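Those letters in the sequence shown? Residues 356 to 767, by our numbering. Virtual Cβ for every residue (Gly too), placed ideally from N, Cα, C. Every value quoted in this text rests on a predicted model; they were computed, and no experiment measured them. The next block holds one structure in the form of structure tokens; read it before the comments.
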Amino acid sequence: MGSLWAPHSYFCVPKPRGIELVKIQLDSAQPRPIFMPSNQLSAMRKPSLTSAVPIERIDVASYTIPTDFPEADGTLEWDKTTLVLVHVTAGGMRGVGYTYADTATARLIADTLAKVITGKDAMSISAAWGAMVRRIRNLGRPGICSMAISAVDAALWDLKAKLLGLPLVTLLGQVRESIPVYGSGGFTSYSISQMQKQLAGWVGAGIVRVKMKVGSQPWEDANRVRAARQAIGSAAELFVDANGAYGRKQALAMAEIFSESDVTWFEEPVSSDDLEGLRLLRDRAPAGMEIAAGEYGYDLPYFRRMLEAGAVDVLQADATRCGGITGFLQVAALCAARGLPLSAHTAPSLHLHPGCALAPARNIEYFHDHVRIEQMFFEGAIAPKDGQLRPDLSRPGLGLDLKVADAERFAA
Ligand SMILES: [Mg+2]
């Protein structure tokens, strides 16, 4: 693709699908391209590409949403989920980001992080991110602090893309038009028939990879996994997730049993803190069965240690935990350095754009609980087609707008 050059101070760029070409008069010697979605052209405040865009305000809210049925995995049970939502305003635009966390996360953003980033340049996300990380040094990086930073960081990326009039995937640099999802649910709190119906429903809808939970009643797992395979047929891929419920030798035995049902992905067979145990499983699991972990990674050294231990075939990371889009980009670089695939853990609407912009990204977890919440809360939440999520390039940023009235019912 070659750039077109108009006379003198106008800079033109080729037109991506769904986006109109805009000519921007530049006041600097160094031209930079900018796109604006057609539906926002009239409202566009002409941005200055050479000066800072100070962050004006941060709004945060939390919502607690009951599950549609009690949910459980190998090591936890829950009947509600809390979404912490952040809006960051600058230059007449508002970016949205979120994390699935505790209400304490919202409190930390409102009381501490908001002050850190107010007045900072919305175009310099790394600087704002670094300032947040420095501020929470004495509070502890993993957990609440990292989830708070993640939500703010996602809002900053959404905001920057909107200020530039670009879909986030275009700002990041698109490498694929769409990304596969895998249906994720099959909770251990479900009856066998309930689990079969959910998994088969996804396969029937074209989502040919599905994941079920195991580990809370290990003596039932062989039977449940066989029942799952029966329900989805022989062509679909079957993943299992033990959430660290098994011991090492137990997990090895289960891997052999699951392999009889053609399980190709064994997630957290042992605790993610047992890197030697994960490595043992990785080395000794039946051929064709990948070991996956990484969802509790809150900072880059966590992922580095996991990769250095040779613990996984597929590294998982969650942008709502690992430092937002910024942290997710960093994890993708670690994967690229090792030649390993990256799988996005849950929050499909947040992972769609980075998932289509990062070469190591293999798939996105289409997690039942979050899918339900994101469809309820966001205008612009994409549904998969033929098992793939494809970003809507006519919408700037993450392409998500809060459905305020629908969300308010769940205000925490
Ligand atoms: Mg998991």
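### Query
Where do the ends of the beta strand (DSSP E) carrying K568 lie?
Start and end: 564-568.
Report task. Would you kindly check if the distance between the Cβ of D747 and the Cβ of G754 is under 7 Å? Result -> Yes; because the gap between Cβ atoms is below 7 Å, this pair is in contact.
Does the beta-carbon of T434 have 16 or more other beta-carbons within 10 angstroms, so that it is buried, or is it exposed? First, the amino acid is wrong: residue 434 is Asp here, not Thr. Burial call: exposed.
- Test item, CB below 6 Å from any non-hydrogen atom of ligand 1: Those residues having their beta-carbon less than 6 Å away from any non-hydrogen atom of ligand 1 are, in chain order, D596, N598, E622, E623, E650.
*Evaluate E623 with the Cβ neighbour count: other Cβ atoms within 10 Å of its Cβ, from every protein chain shown; 16 or more gives buried, anything less gives exposed.*
Taking all protein chains in view, the Cβ of E623 is crowded by 16 or more other Cβ atoms within 10 Å, so the residue is classified as buried.
Taking only three categories from DSSP, how would you classify K758? It is coil, neither helix nor strand.
Which residues mark the beginning and the end of the alpha helix (DSSP H) in which T422 is found?
From DSSP, T422 is part of no alpha helix (DSSP H) but of the beta strand (DSSP E) over 410-427.
**Contact set for A597: own chain, Cβ-Cβ below 6 Å, skip 5 residues either direction** = The residues are G429, V569, G570, E623, P624.
* Asked: What does DSSP give as the partner residues of N718 in its beta bridges?
  -> BP columns for N718 point to S698.
Counterpart residues of V536 in DSSP-defined beta bridges: Partner(s): I719.
Beta bridge counterpart(s) of M448 as assigned by DSSP = The beta-bridge partner set that DSSP reports for M448 consists of A445.
Closest to V563 by C-alpha separation, out of Y721, A688, Q730, L757, would be which residue? Considering only alpha carbons, the answer is Y721.
Q: Compute the distance between the beta-carbons of M644 and S616, then report whether it is under 7 Å.
A: Judged by beta-carbon spacing, S616 lies beyond the 7 Å limit of M644, meaning their Cβ atoms are not closer than that value.
request  = Have a look at D628 and A407 and give me their C-alpha separation to the nearest angstrom.
outcome  = Straight-line Cα distance between these residues: approximately 42 Å.
Practice problem: Throw me the rounded Cβ distance for the G452 and D508 pair, which I believe falls under 8 Å. | Solution: Distance from G452 to D508 at the Cβ level is roughly 7 Å; contact confirmed, criterion being Cβ atoms closer than 8 Å.
Considering only DSSP beta bridges, list what L670 is partnered with. DSSP output for L670 lists A648, L697 as bridge partner(s).
| Is it true that the CB of M487 sits closer than 7 Å to the CB of K515? | No, Cβ-Cβ distance for K515 and M487 is not below 7 Å.
Task: Rounded C-alpha distance that separates A461 from G678 - done: When rounded, the distance between both Cα atoms is 15 Å.
Task: Where the beta strand (DSSP E) containing T619 begins and where it ends - done: Per DSSP, the continuous beta strand (DSSP E) segment holding T619 begins and ends at 618-622.
According to DSSP, what are the bridge partners of V439? BP columns for V439 point to S417, T454.
A766 beta carbon less than 7 Å from that of Y455:
It is not a contact, given that the beta carbons lie outside the stated cut-off.
Point to revise | Cβ distance (whole Å) where L670 is taken to contact G649 below 8 Å | key: L670 to G649, Cβ: 5 Å. Contact.
Between which residues of its own chain and S606 is the CB-CB distance below 6 Å, once the five residues before and five after are set aside? Correcting the residue type first, residue 606 is Ala in the shown sequence and not Ser. Scanning its chain for C-beta atoms nearer than 6 Å, with the 5 sequence neighbours on each side dropped, one finds around A606 the residues P624, V625, L636, in chain order.
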